[in-house]
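Protein chains in written order, with the numbering used here: chain U, 1 to 76; chain L, 77 to 152. Quick reminder that beta carbons are idealized off the backbone N, C-alpha and C, glycines included. None of these values were measured; they are calculated from a predicted model.
There are 2 protein chains.
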Amino acid sequence: MKARVYVTLKPGVLDPQGRAIQHALENLGFGGVEGVRQGKFIELELADGTPRESIDEMCRKLLANTVIENFKVEVA
Amino acid sequence: MKARVYVTLKPGVLDPQGRAIQHALENLGFGGVEGVRQGKFIELELADGTPRESIDEMCRKLLANTVIENFKVEVA
Numbered sequence: 001m002k003a004r005v006y007v008t009l010k011p012g013v014l015d016p017q018g019r020a021i022q023h024a025l026e027n028l029g030f031g032g033v034e035g036v037r038q039g040k041f042i043e044l045e046l047a048d049g050t051p052r053e054s055i056d057e058m059c060r061k062l063l064a065n066t067v068i069e070n071f072k073v074e075v076a
Numbered sequence: 077m078k079a080r081v082y083v084t085l086k087p088g089v090l091d092p093q094g095r096a097i098q099h100a101l102e103n104l105g106f107g108g109v110e111g112v113r114q115g116k117f118i119e120l121e122l123a124d125g126t127p128r129e130s131i132d133e134m135c136r137k138l139l140a141n142t143v144i145e146n147f148k149v150e151v152a
C-alpha cells in the first residue's frame, strides 16, 4: 500500500525558503505572486495492512516537527 | 487563487534523502517500510485569473528541475 504525507509549516511560522521562491519568481517576471509556502511531500511504500495510527506515529516521531509543522496523511 | 505544486523525483532517480528516512523509520522500530521517496510541496497564492500555462511555466523555470523531477499542479 502507498501512503502520501504532506508536511506544511503552521500558519505564522516564517518560511524563508518560500520567500526566496517568491522573490525568484518575481525576478523571473511572473506577476501576481502574493505568497509562497514550501512544504514536504513524502511517499511511503508500506506493507499492506499497516494501520493508519502507525503512519500518524511515523509523522509525529520523524517526518514532521509538530512544534512548527502540520501533516496530512492520504492512504491510497 | 491558490495553486498547489507537487514536485517528485522521476522514477529511477536515486533519492538519498528518502533512503535516509526509510532507515530512520526502521531504526525507530517501524516495520514494513518498503520504500520512501521525498518530494516537495509548494503552495502558491496567486492573483485571480493567473492562467494555468503561467503556473506550468513557473514549474519548468524554477520550481522543478525537469531533468530529474516531475511536477503536478492543482488549482484550488
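When the cut-off is 7 Å and only beta carbons count, does residue i lie next to chain L?
| i | result |
| --- | --- |
| residue 46(U) | yes |
| residue 61(U) | yes |
| residue 50(U) | yes |
Does any C-beta atom of chain U lie closer than 7 Å to the C-beta of residue i?
| i | result |
| --- | --- |
| residue 134(L) | yes |
What do you get for residue i, buried or exposed, if any count of 16 or more other CB atoms within 10 angstroms of its CB means buried?
| i | result |
| --- | --- |
| residue 84(L) | buried |
| residue 68(U) | exposed |
| residue 3(U) | buried |
| residue 111(L) | exposed |
| residue 64(U) | buried |
| residue 94(L) | buried |
| residue 12(U) | exposed |
| residue 109(L) | buried |
| residue 81(L) | buried |
In the DSSP assignment, what residue or residues form a beta bridge with residue i?
| i | result |
| --- | --- |
| residue 115(L) | 41(U) |
| residue 3(U) | 44(U), 75(U) |
| residue 142(L) | The partner list for residue 142(L) (beta bridge, DSSP) is empty, contrary to what the question assumes. |
| residue 109(L) | 46(U) |
| residue 101(L) | Paired residues: none, contrary to the question. |
| residue 14(U) | Paired residue(s): none; residue 14(U) is not in a bridge. |
Residues in the segment 11-43 of chain U having any Cβ partner in chain C nearer than 9 Å: No chain C is part of this structure, whose protein chains are labelled U and L.
Given 8 Å, three or more beta-carbon pairs between the segment 44-59 of chain U and the segment 115-130 of chain L: no
Inter-stretch contact at 8 Å, needing at least 3 Cβ pairs: the segment 90-110 of chain L / the segment 56-75 of chain U: yes
Against chain L: residues of the segment 63-76 of chain U by CB proximity under 9 Å: 63
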